[in-house]
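To keep things clear, I will list the structure first and then write my remarks on it.
Chains as they are written, first to last, in this note's numbering: chain A, 191 to 567; chain B, 191 to 567.
Laid out in structure tokens, this is it:
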């Protein structure tokens with residue numbers, strides 16, 4: 191390209207996309223970053239009703255109370271969600287405490303400095319990552335809406351590459367398990383909660399309904415000694431289980447490493463990994479990590495974790511808590527970068543207050559709308 | 191916020207920023223991602239003239255031949271630059287070979303899948319990160335121009351937070367060193383190249399002109415045994431040097447660790463770190479890392495490295511090769527996240543073919559123009 195042509199190309203670049211409107215929007219963006227900082231915040235608790243009582247290795251529940259956060263500026267509202275988890279000392283109340291602690295940051299926030307905001311959020315309190323996550327999702331939703339693009343576009347990702355999602359079957363009586371498995375027909379992979387006293391029965395019950403469907407298991411730290419865990423995993427592997435998630439308590443790295451050397455199916459870390467800083471030490475112990483927005487404290491940290499895990503050759507799963515389409519739509523933005531999806535949170539509830547994720551042929555697809563792409567039902 | 195108000199907020203969100211143009215640009219973006227994939231690519235070699243013959247521990251040069259890459263689609267052109275480095279088996283010719291190898295990828299590239307492109311680029315050849323960097327910068331410049339925002343905005347960064355940049359003084363005769371140090375008046379930190387036979391003379395010569403200016407040193411792997419390196423660093427620390435970069439060869443991790451346990455000033459890895467995968471093993475050996483776009487293979491990988499290093503508590507320096515305002519402007523996009531800047535490449539040449547970085551009071555600031563914000567001089 192000769193210099194003159196090149197200059198011409200540059201001068202027409204502002205009329206990009208055959209779209210003269212981009213020049214004013216450019217001006218508007220410059221204007222935006224110079225407007226007075228500060229965002230307005232609202233939150234509310236919503237009760238999500240579970241289709242079935244939900245039992246995993248450590249507890250049981252019929253409803254889930256999640257906290258929804260709205261960040262507003264310049265007529266744009268970003269939406270976020272916190273799914274507090276008692277495993278991490280989180281309740282709706284502690285989540286609201288965290289959100290209140292963030293008010294001084296939010297009142298002076300320039301949303302375009304969202305990277306710094308994610309660092310500042312880490313500093314205002316230890317833990318309470320669900321609350322931090324709600325604020326981060328809301329801010330990133332605002333950014334995407336301001337630019338007029340879905341977040342996957344902001345991050346250079348192809349939403350069509352979403353992997354199949356698994357659908358979770360909680361621990362329950364055989365008749366209920368059978369019914370759940372039957373109703374899970376549209377889902378192409380099952381994730382079976384184990385770690386209780388009757389793991390083999392759970393699997394046999396599932397297999398009595400679905401003899402060939404791919405199965406993954408999640409022990410949620412339920413096995414407490416390595417010999418038991420090894421025996422269970424060997425049996426599961428023989429019965430066609432694809433991988434096992436968090437077989438032993440998060441702090442038992444040595445025991446988990448001992449197991450890993452003796453089995454052929456992958457072991458995925460869940461409770462053992464919260465944020466990026468946890469990942470390097472896990473690379474020798476686990477084959478992959480389960481990233482959840484609620485543990486990571488938001489979309490920004492989750493994206494960093496994905497790239498770090500990729501650098502270290504770890505498999506990447508993106509999972510969820512019991513959560514509405516808000517948090518699931520946020521996680522779906524990341525799907526083209528991951529190996530395994532476990533994004534069934536919104537499918538487990540009967541009164542999702544939002545929509546914005548398309549479940550098609552076993553996959554959860556992000557919407558093409560800006561930001562995380564959700565709207566109230 | 192009540193539900194009705196909330197729905198109203200959502201419905202006006204598309205007229206964001208008081209800017210009705212955002213609705214058409216949204217449409218345009220959707221249109222864009224569905225247009226036929228494929229970008230056009232051009233490249234050219236430009237000879238950059240050095241103000242002074244440039245000598246470091248391993249070699250000497252008067253000119254630098256860099257390769258400039260242009261990626262075009264929909265009337266928008268992104269610009270990138272490769273500064274091939276013989277330390278990494280790179281020449282302008284090998285860089286062009288790499289760029290040619292990427293043509294099949296570029297011809298079918300949907301630019302909005304830029305994350306996947308950065309992964310695909312890694313696969314097409316080992317090494318040749320300068321050529322990969324040129325393509326990555328050009329693509330990200332295109333993305334920023336398409337969205338109408340500088341890249342720092344896309345990444346949520348505040349360009350005003352750029353740290354002071356150091357200015358490099360190459361190894362030379364005392365009279366020339368003195369003259370360079372005098373001419374370096376506007377730069378508030380000097381980076382002195384050592385690792386030759388007369389390191390103490392270099393520092394004394396610099397100090398004879400600037401007794402108090404902050405000094406950092408870069409040995410470029412010049413010291414080959416740990417005792418010599420330790421003795422040199424102890425002397426440098428006593429003479430007020432802030433930190434030392436790459437004292438020993440990159441592969442001498444054990445020796446470098448031995449030194450680190452015996453000195454108080456930070457040791458920064460340069461030649462020992464190329465991409466994110468190298469970082470975890472360096473966390474115990476070095477205090478920080480020098481990230482260069484040319485080593486990382488582009489802006490995307492450099493950003494990932496910054497976040498990874500931050501997670502591990504490493505100090506972050508962003509450095510450069512001898513390069514024009516194109517690559518320096520690209521690196522300047524990242525400046526708010528870093529501890530040390532060493533972005534003097536464009537200041538060392540007399541015929542910079544581009545402009546777009548503002549050097550003010552010792553800092554290199556990114557322009558507010560979209561993408562990397564450069565234009566031809």
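All C-beta atoms, glycine included, are put in the ideal place defined by N, C-alpha and C.
First and last residue of the alpha helix (DSSP H) that includes residue 422 (chain A)?
416 to 428
CA-CA distance, residue 387 (chain B) and residue 491 (chain B)?
36 Å
Beta-carbon proximity check, residue 466 (chain A) vs residue 498 (chain B), cutoff 8 Å:
yes
Could you work out which residues of chain A lie near residue 438 (chain B), taking near to mean beta carbons separated by less than 8 Å?
The premise fails here: residue 438 (chain B) is roughly 23 Å from chain A at the closest Cβ pair, so nothing lies under 8 Å.
Proximity below 8 Å, CB of residue 502 (chain B) to CB of residue 469 (chain B)
yes
Within 8 Å of any Cβ in chain B, is that where the Cβ of residue 364 (chain A) sits?
no
Identify the contact partners of residue 302 (chain A) in chain B, using a Cβ-Cβ distance below 7 Å as the criterion.
343, 346
Alpha-carbon to alpha-carbon, residue 355 (chain B) and residue 325 (chain A):
34 Å
Runs of beta strand (DSSP E) lying entirely within the stretch 266 to 291 of chain B, each at least 3 residues, in chain order
266 to 272
If contacts are defined as beta-carbon pairs under 8 Å, then residue 453 (chain B) and residue 405 (chain B) qualify, I think. What distance do you get, rounded to the angstrom?
Going by Cβ atoms, the distance from residue 453 (chain B) to residue 405 (chain B) rounds to 16 Å, so no, they are not a contact pair.
When burial is assigned at 16 or more other CB atoms within 10 Å of the CB, is residue 494 (chain A) buried or exposed?
buried
Span separating the alpha-carbon of residue 346 (chain B) from that of residue 488 (chain B)
18 Å
How is the alpha helix (DSSP H) around residue 490 (chain B) delimited, first residue to last?
489 to 501
Is the distance from the Cβ of residue 552 (chain A) to the Cβ of residue 532 (chain A) below 8 Å?
no
Nearest-angstrom Cβ-Cβ length linking residue 340 (chain B) and residue 523 (chain B), presumed shorter than 8 Å
7 Å
Would you mind sorting residue 411 (chain A) into buried or exposed? The rule is 16 or more other CB atoms within 10 Å of its CB.
buried
How close, in whole Å, do the beta carbons of residue 515 (chain B) and residue 542 (chain B) come, if the pair is a contact with beta carbons under 8 Å?
5 Å
Below 9 Å between beta carbons is the criterion; list the residues of the stretch 451 to 463 of chain B that meet it against any residue of chain A, in chain order.
none
Determine the DSSP secondary structure at residue 463 (chain B), reduced to helix, strand or coil.
coil
Kindly list the residues whose CB is nearer than 7 Å to the CB of residue 511 (chain A), restricted to its own chain and excluding five residues on each side of it in sequence; keep chain order.
273, 275, 482, 484, 535
Would residue 263 (chain B) and residue 298 (chain B) be called neighbours here (beta carbons separated by less than 8 Å)?
no
Where the stretch 507 to 529 of chain B meets chain A: residues whose CB sits under 9 Å from a CB there:
526, 527
Rounded C-alpha distance that separates residue 251 (chain B) from residue 243 (chain B):
6 Å
Helix, strand or coil: how does DSSP classify residue 554 (chain B) here?
strand
Could you run through the stretch 470 to 494 of chain A and flag, in chain order, every residue whose CB is less than 8 Å away from some CB of chain B?
470, 473, 490, 494
Partner residues on chain A for residue 305 (chain B), Cβ-Cβ distance less than 8 Å:
345, 346, 347, 526, 527
Tell me, please, whether the CB atom of residue 625 (chain A) is closer than 8 Å to any CB atom in chain B?
Chain A is shown from 191 up to 567; residue 625 (chain A) falls before or after that span and cannot be answered.
In terms of residue numbering, what span does the beta strand (DSSP E) encompassing residue 316 (chain B) cover?
Per DSSP, residue 316 (chain B) belongs to no beta strand (DSSP E) and is neither H nor E.
Residue nearest to residue 258 (chain A) in terms of C-alpha spacing, selected from A:265, A:266, A:270:
A:270
Does the beta carbon of residue 272 (chain A) sit closer than 8 Å to a beta carbon anywhere in chain B?
no
Using a Cβ-Cβ cut-off of less than 8 Å, give me the residues of the stretch 544 to 560 of chain A that come near chain B, in sequence order.
558, 560
Can you find at least 3 beta carbon pairs, one from the stretch 431 to 438 of chain A and one from the stretch 428 to 441 of chain B, that sit closer than 8 Å?
no
Proximal chain A residues relative to residue 497 (chain B), where beta-carbon distance stays under 8 Å:
466, 494, 497, 498
Any C-beta of chain B under 8 Å from that of residue 502 (chain A):
yes
Taking C-beta pairs closer than 7 Å, name the residues in chain B that residue 443 (chain A) reaches, listed in chain order.
Residues of chain B passing the Cβ test: none, with the nearest at roughly 16 Å.
Range of the contiguous beta strand (DSSP E) that encloses residue 251 (chain A):
250 to 263
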